[in-house]
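In our numbering, the protein residues as written are 310 to 1224.
No residue lacks a Cβ here, since even glycine has one placed at the ideal position from N, Cα and C.
These numbers come from a predicted model, not from an experiment.
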Amino acid sequence: MTHGFEYFDTCDYRALAIGTAENPLRVPTPEQIHELAMIWAQEWTKEFDGKGKADQVNSVCDRFLEKMAIIPTNWNWQPITPKKLIQNINDEKGLGFQAIPSFLATLLHGKTCVIRSGKREQQIHWRKVQGDGSGRTALFTVSQPFLAPYTDEYGKEREGYFVYRLDFRVQTQTGRFNQNGKLKPWIFLDLSCQRYAHEPLIETNYGRDISVLMGMNEERLSGYDVDSTLIRLTIDNSAREDSKPWKLQLPNLLAAFKARALETTENILGNPAVYGNLDNNSNWNKDEYYLVHAEGYKYEHENHKRGHSIKPGFSLQESGDIIAQVLNILNGILIPDDLMQSDIPVPSGQKTPLAMRDYEDISKPLTFTKQQKEKLSEEDIQQRLDKRRKERQTIITDAIGRALQGKPIHLSILWRERDTYDVTIQNLRDAFLLNEEEDFPEHIKVSPVWIDNQNLLKPLDTAGYAPKDRQEFDKQIRNQHQMKLDAWRDFLRQKVIVSIDSTIKPYCFAIIEIGQTKKKGVHPKQSIYRAVREACVLEKISSQMVQTVKPKSSEKEDGSTNILPSYSKKTEGRILNAVLDVTLRQLGVLYGIPSEVYERAGIPKEIAKNLDVIALCRRKATQGQDNIHYALAVRLRATGAVDVLFPNRQDWIPYAQAGIELGQIFSRVRRDRNYLKTVQLKGIELVKFAADVLTQVGEQPTLVLIEADVWRNERGEENGGQAWFQLKNEYLFANRDVLDFQHVPGHACIYPRDHNQLRNLLGIIRFRTGDETTQYITNRQVWDENSPARDLMHLSGFYDTSIPELLHYFSIGRLPKTQKAQDTSTARELYMLDSQDDEYGVNIAFKHQQMLEMLPFFIRSDFQKTEESLKSLCRVPHYLRISPGWSMGNIHSPYPMHLGKQLIKDHLCILGVEV
């Protein structure tokens, strides 16, 4: 079976089984399924023995078992051919989205392909796996394990095991229809690296289940066939510290079913190499257990602990080779897409608008050629350096002034240790390019405040309770949070607010030292982070936390105490990032005027100089039993001003003020659960907010950005069966020139493109990313082309013209600086098991930028005339994938959407959400 009964529609559940000629369909009978379900029910009711009032509990359990004893009359297997689902992917309530990937995995199961790197050949044997751990259960494939020994950059011998994992994913594309007018399936081959443990697991991720892939090589129950499919099982890793049992009481269920028992979790975790066939022994005739590695796990190695030795990811070269071989095995079942077209290059070098530049570029000192140095005197060189620095200082000051819209700012540095203050103030001065004798700009006041009470920085006191104590532990944490919150509010009032000149009504910000956030024996819930953040917003102060700074240790042979402390590059980097976040991102700053970017994108000057870009932003998180789902809109004006609109509000407020407003909304919810629904937006509330924003765009030309995910969804209780259906691929093509809000309170109509209220709305751009966009090779006509493959060195745009009536635009960010190790001439072509010139494929963490799909619709007539005008609209969010405080690469979302998501993320901690 692909999966057992899973929810697919209101009160309806279904199971799925896949079979092929080589892997015949084998399904349990309804009677066998009912027998297992009945045994499960009996085991489940045993959990309630001794709980509550015995007679009431027994009565409920008896009635439950009576209902379970009745075999449903509608239980039957319904045969469906792949052809039917391919012809209509949405048939049978969207069954094809699960069935087709599982069908392809079943076709690949048991097959072998060969990849070649130089003279080395490597066989990959594919095996299907049930259960991907998130969302609906499906099948994917993995290779046999590979042992990868290597020598790391420090000369240490390392080794580890990995498998190639291949997921088939089904998506669709707006406007891509078959001859029957139904959406064509768009298949993605998602290749990734999955690592197995071979050493004892001694440190896990708190509260997250542990995955084990189990394979059977002998009968588990008489009369049931042995199948070579691997099954994902989970080990309960909750707060209970005494044991880590199989989840869902699986041993009890197997025992009651008279099935052969599983190996104990203690044995598997304590010696995974013994229980998994990691070395592919052909004589292995017992069960296989493969402990799947997750980031954060630590293993025992020579009386020390260490992470997994294999770094994940593959070069584009290896990825292309494997995918080409899989396409050959499937022999024409999958048809590769046509090559996408390249858009014009993004502005670069001296032609880059200031609004597309980051701090690293702005702070870069003037350089001189050898000839210039010989020609110019030292005085001339210094004058030019000073002039350049003054020009850049003005750029920074003007940029912050535009973002603050004329208001001053008061920035407090709250510190306990002198090293923290020294490094913070120096990086703050660096952010403004100040020399030692220069003061901060006139409208920026900086105040140091010493934290004179060490108790403020102490973790929340658990009073001896541990996470395993559940309710008592959580209650103690809540009480301690309130006490810490009150203490910090008192401190802020006495030490910070008194130093602020309230007559000029400045925006108030603070950089706050909060000690060390990760300490052995200290639970994450004991962190003071959220108490400090909440205290600040209640006192109308926006905040940025930093951990205590410690200098590098240095041996003072002469006993001198005059040696200035030095700090690691990592320490300097994290403090600079914090400083840039509070002085740039939390203010919504761009170094230049956005209108210049819009002109470079191809927007006519008269429109560009007034263009508003509005991003509808949402974020979802879980806090205990509660789902938090919040949305807001961010408006980037052509002048550089940034504003925010909250749901059920009429007025836009400056971004610099919005953090405090949002923090206070979340704080009210934390204190009074009667307001919980205000941060649990349902589908109809999301679409009403979107409709309100779109129909009130104002007098300026406006471009609106929105993600497809969740805004379009109609399934599930969280959306109440309502959302903006028009954003779905099956509806958007036919409705691309209207706004369908018939089902939305306060609107109840379809807005045509020429509606007077929408005359200034240039268009809407819908985004998709993640699993909804494909992997790629950047510079090949076809997958199996024999040519080197390389990551993109610049932000790059591509477009798909296969659908004449629509433009599908794709944005791919440049390779981040953190990934420079994968772009050497050697590394680009390394396979995992390759090595060359002391570079090993398994020692490079290959990562490739995700593709972001942009689909413009509801386009005003003057931008529908040519393909170029449509591309100019898409280039606006494409060019805006920058953040001035982030120099490592391109951000995932366009800047206004990035600002909105980060604003919500910053304050979710107040609700107790760990982000």
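Judged by their CB atoms, D534 and R335 are nearer to each other than the 8 Å cut-off. Contact between R946 and D921 holds, since their C-beta atoms are separated by about 6 Å, short of 8 Å. Within its own chain, the residues whose Cβ lies closer than 6 Å to the Cβ of Q1128, once the five positions on either side in sequence are excluded, are K1156, listed in chain order. In this structure, F1107 keeps its C-beta atom at 8 Å or more from the C-beta atom of E1162.
Cα atoms of R1123 and Y838: separation of roughly 33 Å, rounded to the nearest angstrom. Here N526 is exposed, its C-beta having fewer than 16 other C-beta atoms within 10 Å. Distance from the CA atom of R1077 to the CA atom of H617, rounded to whole angstroms, is 32 Å.
By the CB criterion at 8 Å, Y964 and D952 fall inside the cutoff. Residue range D935 to L945 is occupied by the beta strand (DSSP E) that includes N936.
For the pair of segments examined, the region 593-613 was found to touch the region 505-521: the number of CB pairs separated by less than 8 Å reaches three. Secondary structure of G1209 (DSSP, three-state): helix. Pairing P1010 with I1074 gives a Cβ-Cβ distance that is not under 8 Å. For D630, the secondary structure class from DSSP, reduced to helix, strand or coil, is helix. The DSSP assignment places complete alpha helix (DSSP H) segments of no fewer than 4 residues inside the region 657-695 at 668-672 and 679-684, in order along the chain. Distance from R1137 to P1097 at the Cβ level is roughly 6 Å; contact confirmed, criterion being Cβ atoms closer than 8 Å.
Looking from the CA of V855, the closest CA among A819, Y876, K834 and K861 belongs to A819.
For R928, no alpha helix (DSSP H) segment is defined; the enclosing uninterrupted segment is the beta strand (DSSP E) at D921 to Q932. With a beta-carbon spacing of about 5 Å, W1092 and I632 fall inside the 8 Å limit used to define contacts. Taking 8 Å as the upper bound for CB-CB distance, V1013 and L1070 are in contact here, some 7 Å apart. Secondary structure note for S1181: it is in no beta strand (DSSP E), and the uninterrupted alpha helix (DSSP H) holding it is E1176 to Y1188. When only Cα atoms are considered, F677 and I704 end up about 22 Å apart. Put simply, of P333, G359, F373 and N332 the residue whose alpha carbon is nearest the alpha carbon of Q351 is F373.
Distance from the Cα of E1114 is smallest, within the candidate group E466, N1044 and K393, for N1044.
Distances from the alpha-carbon of M1197 to those of L636, Y668, Q1131 and V635 put Y668 closest. If you look at T415, you'll find it in the alpha helix (DSSP H) that goes G405 to L417. Per DSSP, the continuous beta strand (DSSP E) segment holding Y598 begins and ends at E597 to L600. With a cutoff of 8 Å on beta-carbon distance, P494 and T513 are scored as not near each other.
Counting of Cβ neighbours within 10 angstroms places K553 among the buried residues, the total reaching 16 or more.
At a Cβ-Cβ threshold of 8 Å, V841 and M665 do not count as neighbours.
W555 sits buried, since 16 or more C-beta atoms from the chains shown fall within 10 Å of its C-beta. Pairing D1147 with R1099, the inter-Cα distance amounts to about 20 Å.
Taking C-beta separations shorter than 6 Å and ignoring five residues to either side along the sequence, the partners of I1086 in its chain run L625, G629 and A1098, following chain order.
By the Cβ neighbour-count rule, H613 is exposed, with fewer than 16 other Cβ atoms within 10 Å of its own. Residue burial annotation: L1217 is buried, with at least 16 other C-beta atoms found within 10 angstroms of its C-beta. Fully contained in the region 432-463 are the following beta strand (DSSP E) runs of length 3 or more, in chain order: 436-439, 448-451 and 455-460. At least 8 Å separates the beta-carbon of N1022 from that of G1055.
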